[in-house]
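Q: The numbering of the sequence shown is numbering that gives the first Met the number 0, which starts it at 0 and goes up by one. For each residue, glycine too, the CB sits at the ideal point set by N, CA and C. All of these numbers come straight from a predicted model, not from anything done at the bench. Take a look at the following structure, please.
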Amino acid sequence: MLIPVIMAGGSGSRLWPLSRSLYPKQFISLASDKSMLQETIARLSGLDHQAPLLICNQEHRFIVAEQLRQQRIQHGGIVLEPVGRNTAPAIALAALHAIKNGDDPLLLVLAADHVIQNQTAFSQAVSNAIKPAQDGMLVTFGIVPTAAETGYGYIKQGEAVGETAYRVAQFVEKPNLTTAEQYLASGEYYWNSGMFLFKASRFLEELKIHRPDILLACEASMQGSRQDLDFIRLEEEAFAECPDDSVDYAVMEKTQDALVVPMDAGWSDVGSFSALWEVSQKDEDGNVAVGDVIAEQTCNSYIYAQNKLVSTVGVDNLVIIETKDAVLVANKDKVQDVKNIVNQLKAQQRRECEQHREVYRPWGSHDEIAEGERYHVKHLQVKPGEQTALQMHHHRAEHWVVVQGTAKVTNGDKSYLVSENESTYIPLGSAHRISNPGKVDLHLIEVRSGSYLEEDDIVRLEEYGVGY
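As structure tokens, then:
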């Protein structure tokens, strides 16, 4: 039995402003019309596997659930980490969940934010790893390098084990260029993919030997866990005590049973805009253009227009990213330093590092259209059958104008329908809620007015997930 374990944590700060801490790169459509998470699960179609188990940050839970729903993906559970503790605890949680009913499946551990262009080669590499994993070995997948890359860790192969695997001779940190060139020329090194295949019990055995403190914390957090709809909620205090460590440091570099299986499948971790440019389809001038773009005398550039027309003249080797609330212009050779911009935004406590202007909720989304000193205007979308939390405000009143669909409005002690081209007024202090009783998406314009308009002026009278 093979269970894919999809690790969907991480922030992807080097892909800002597309990636934000509350909506990171694994949930964005970068290399296709599917998100990277959806692509990760789609490429499993060539394998005989059980429903995947997902591990994600608690604050991303509704994004994960919605993206699975969009693709009608059946899953084996969504484990919510209340705090990030790196990959070793995440995999331990998956292994503990997998064996709780007495099973001992193979776990195929994948990151949700990788691009793999050759699905057949991916499936073949996984198939090559199944026999040694069933025999108790801990298999990692080494990417056959195509360049002297300094942004990846490396794995040195040792003696052959069977026809498709090698002993791991050494894990190597990110090298300098000269060393990376030597690795490439030797033919003995692979890029460290961060993908693994092993029995759940074997991983836990090795973790008990090398990092028993991690195992104990994860066992305690799973023992106190509870099921909440699609989500598995850990015991938060126990998990907060768990040490932070990667699976490489905690287990793979210490075990005597590590193997590497080569994979040559057009892999990239898309860790920067230059990496995204590399894996994207380019025009005859070497440009990648997404959205409404007009490029004149422009070469070797990545141009992304989310909301506006972006035009370029006489530029080369640039990354230009336009979103609804931010613009990035960078030299393609300097994109690793985008994270420095994110650090400045964090230091200034600016919301642009956390979320996009358009924010997704379990019931739909809201997008800020205009903002002034005493007014905010937003576009709300409510999915059929969904509703916002029942709430009230101390400092603002609201006007709602329905532009598509029909809204069921709770306003104080009244409940009534508002149709297209109709509006309603929510006075300050009135308990209110929006529901969509129809079969199509509900769209409305919300105008807030008052002396204080921030999101923390909300008194939730009845919770509904993360309300609005």
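#1: Starting from TRP362, trace the beta strand (DSSP E) both ways and give me its first and last residue.
#2: To the nearest angstrom, report how far apart VAL465 and ASP455 are at their CA atoms.
#3: Taking the alpha-carbon of GLY83 as reference, which of GLN347, GLU240, LEU308 has the nearest alpha-carbon?
#4: Hey, out of GLN280, SER271, GLY313, GLU351, whose CA is closest to GLN510's CA?
#5: I'd like the span of the alpha helix (DSSP H) that includes LEU452, first residue to last.
#6: Measuring only the C-alpha atoms, how far is ILE433 from VAL439?
#7: Near VAL287, which residues of its chain fall below 6 Å by C-beta distance, leaving aside the five closest residues on each side in sequence?
#8: Between which two residues does the alpha helix (DSSP H) carrying ARG60 extend?
#9: Please classify HIS398: does DSSP put it in a helix, a strand, or coil?
#10: Suppose contacts are defined by Cβ-Cβ distances below 8 Å. Is SER429 in contact with GLY411 by that definition?
#11: Beta-carbon separation of ASP112 and VAL269 under 8 Å?
#12: List, from N- to C-terminal side, the beta strand (DSSP E) runs of 3 residues or more that fit wholly inside the region 418–459.
#13: For VAL339, does the count of other Cβ atoms within 10 angstroms reach 16, so buried, or fall short, so exposed?
#14: From GLY371, GLN37, ILE457, GLU180, pick the residue whose C-alpha is nearest to that of GLN66; which is it?
#15: Roughly how many angstroms separate the alpha carbons of GLU457 and THR177, rounded to a whole number?
#16: In the structure shown, what three-state DSSP assignment does ARG210 receive?
#17: Take GLU461 and list the residues in its own chain whose beta-carbon comes closer than 7 Å to its own, dropping the five residues that flank it on each side.
#18: Just to confirm, is the Cβ distance from ASN85 to ASP212 under 8 Å?
#19: To the nearest angstrom, how far is it from the Cα of GLY371 to the Cα of GLU397?
#20: Tell me whether TRP266 sits in a helix, a strand or coil according to DSSP, three-state version.
#21: Taking C-beta to C-beta, are LEU137 and ALA257 nearer than 8 Å?
#22: Could you spell out the range, first to last residue, of the alpha helix (DSSP H) harbouring HIS96?
#23: Could you name the residues of the same chain whose beta carbon sits closer than 8 Å to that of VAL312, not counting the 5 residues immediately before and after it, in chain order?
#24: Beta carbon of TYR153, beta carbon of VAL171: below 8 Å?
#25: Should LYS377 go down as buried or exposed, given a rule of 16 or more other Cβ atoms within 10 Å for buried?
#26: Roughly how many angstroms lie between the CA atoms of ALA249 and ASN191, to the nearest whole one?
#27: Grab me the residues of MET251's own chain with a C-beta within less than 8 Å of its C-beta, minus the 5 sequence neighbours each way, in chain order.
#28: By the three-class DSSP mapping on this structure, what secondary structure does GLN57 have?
#29: For the beta strand (DSSP E) containing SER310, list its first residue and its last residue.
#30: Looking at C-alpha atoms only, which residue of LEU109, LEU344, GLU80, GLY150 is the closest neighbour of MET35?
#31: Just verifying my parser: in three-state terms, what is the DSSP assignment at GLY464?
#32: Exposed or buried, which one is PRO426 when buried takes at least 16 other CB atoms within 10 Å?
#33: Kindly indicate which residue of GLY290, VAL292, ASN299, GLY9 has the alpha-carbon position closest to the one of ASP284.
#34: Straight-line CA distance for GLU445 to PRO104?
#35: Check whether the region 223–230 touches the region 199–215, counting contact only when three or more Cβ pairs, one atom from each stretch, lie closer than 8 Å.
#36: Secondary structure at GLN386, three-state DSSP: helix, strand or coil?
A: The short version:
#1: Sequence index remark: in the sequence shown, residue 362 carries index 363 (1-based). Segment: none, TRP362 is in no beta strand (DSSP E) and carries neither H nor E.
#2: Within the sequence shown, residue 465 is the residue found at index 466, counting from 1. Within the sequence shown, residue 455 is the residue found at index 456, counting from 1. Bear in mind that the predicted position of VAL465 carries a pLDDT of just 43, short of 50, making it too unreliable to give a figure here.
#3: Taking the first residue of the sequence shown as position 1, residue 83 is located at position 84. For the residues GLN347, GLU240, LEU308, the minimum Cα distance to GLY83 belongs to GLU240.
#4: A question about residue 510 goes unanswered here, because the residues of the chain that appear run from 0 up to 467.
#5: Working through the sequence shown from its first residue, we reach residue 452 at position 453. No alpha helix (DSSP H) holds LEU452; DSSP gives it neither H nor E.
#6: Working through the sequence shown from its first residue, we reach residue 433 at position 434. Working through the sequence shown from its first residue, we reach residue 439 at position 440. The alpha-carbon atoms of ILE433 and VAL439 are separated by roughly 15 Å.
#7: Within the sequence shown, residue 287 is the residue found at index 288, counting from 1. Within the same chain, VAL287 has close Cβ partners TRP276, SER279, LYS281, TYR301.
#8: Walking along the sequence shown from the start, residue 60 turns up at place 61. That run of the alpha helix (DSSP H) goes 60–69.
#9: The residue given as residue 398 occupies position 399 in the sequence shown. Looking at HIS398 - three-state DSSP - the assignment turns out to be strand.
#10: Residue 429 sits at position 430 when you count from the first residue of the sequence shown. Residue 411 sits at position 412 when you count from the first residue of the sequence shown. In contact: SER429 and GLY411 (Cβ atoms closer than 8 Å).
#11: Start at 1 with the first residue of the sequence shown, and residue 112 comes out as number 113. Start at 1 with the first residue of the sequence shown, and residue 269 comes out as number 270. Yes, Cβ-Cβ distance for ASP112 and VAL269 is below 8 Å.
#12: 422–425, 431–434, 441–449
#13: What you label residue 339 is simply residue 340 of the sequence shown in a count that begins at 1. Going by the sequence as given, residue 339 is Asn instead of Val. Classification of ASN339: exposed, given that the 10 Å Cβ count is below 16.
#14: Start at 1 with the first residue of the sequence shown, and residue 66 comes out as number 67. The option with the nearest alpha carbon to GLN66 is GLN37.
#15: Residue mapping note: residue 457 aligns to position 458 of the sequence shown, counting from 1. Residue mapping note: residue 177 aligns to position 178 of the sequence shown, counting from 1. The identity of residue 457 in the sequence shown is Ile, whereas the question assumes Glu. Spanning the two alpha carbons is a distance of roughly 57 Å.
#16: Here residue 210 refers to the residue found at position 211 of the sequence shown. Looking at ARG210 - three-state DSSP - the assignment turns out to be coil, as it is neither helix nor strand.
#17: The residue labelled residue 461 in the question sits at position 462 within the sequence shown. Only ALA388, LEU389 meet the Cβ criterion.
#18: As a position in the sequence shown, residue 85 is number 86, starting the count at 1. As a position in the sequence shown, residue 212 is number 213, starting the count at 1. Taking 8 Å as the Cβ cut-off, ASN85 and ASP212 do not qualify as a contacting pair.
#19: Residue mapping note: residue 371 aligns to position 372 of the sequence shown, counting from 1. Residue mapping note: residue 397 aligns to position 398 of the sequence shown, counting from 1. Distance between the alpha carbons of GLY371 and GLU397 is about 15 Å.
#20: Within the sequence shown, residue 266 is the residue found at index 267, counting from 1. Three-state DSSP puts TRP266 in a strand.
#21: Locating residue 137 in the sequence shown gives position 138, counting from the first residue. Locating residue 257 in the sequence shown gives position 258, counting from the first residue. Yes, the Cβ-Cβ distance between LEU137 and ALA257 is below 8 Å.
#22: Counting from one through the sequence shown, the residue named residue 96 turns up at place 97. Run containing HIS96: 86–98, per the alpha helix (DSSP H) assignment.
#23: In the sequence shown, residue 312 corresponds to position 313, counting from 1. Contacts found: GLU295, GLN296, THR297.
#24: Residue mapping note: residue 153 aligns to position 154 of the sequence shown, counting from 1. Residue mapping note: residue 171 aligns to position 172 of the sequence shown, counting from 1. Against a cut-off of 8 Å, the Cβ pair of VAL171 and TYR153 comes out as a contact.
#25: Translated into positions along the sequence shown, residue 377 becomes position 378. Buried, because 16 or more other Cβ atoms sit within 10 Å of the Cβ of LYS377.
#26: In the sequence shown, counting from the first residue as 1, residue 249 sits at position 250. In the sequence shown, counting from the first residue as 1, residue 191 sits at position 192. Each residue's Cα considered, the two are about 15 Å apart.
#27: Here residue 251 refers to the residue found at position 252 of the sequence shown. Around MET251: LEU137, THR139, VAL167, PHE170, PHE195, ALA257.
#28: Working through the sequence shown from its first residue, we reach residue 57 at position 58. Three-state DSSP puts GLN57 in a helix.
#29: On the sequence shown, position 311 is the one that residue 310 refers to. Here the beta strand (DSSP E) through SER310 covers 309–312.
#30: As a working note, residue 35 is residue 36 in the sequence shown. Of LEU109, LEU344, GLU80, GLY150, the residue nearest in Cα terms is LEU109.
#31: Mapped onto the sequence shown, residue 464 falls at position 465. Unreliable positioning characterises GLY464 in this predicted model, as indicated by a pLDDT of 42, which lies under 50. A coordinate reading is not provided.
#32: Position 427 of the sequence shown, counted from the first residue, corresponds to residue 426. Under this definition PRO426 is an exposed residue.
#33: Taking the first residue of the sequence shown as 1, we reach residue 284 at position 285. Minimum Cα distance to ASP284 is reached at ASN299.
#34: As a first step, residue 445 must be located in the sequence shown, where it is residue number 446. As a first step, residue 104 must be located in the sequence shown, where it is residue number 105. The alpha-carbon atoms of GLU445 and PRO104 are separated by roughly 50 Å.
#35: no
#36: Here residue 386 corresponds to residue number 387 of the sequence shown, with the count starting at 1. GLN386: strand per DSSP, three-state reduction.
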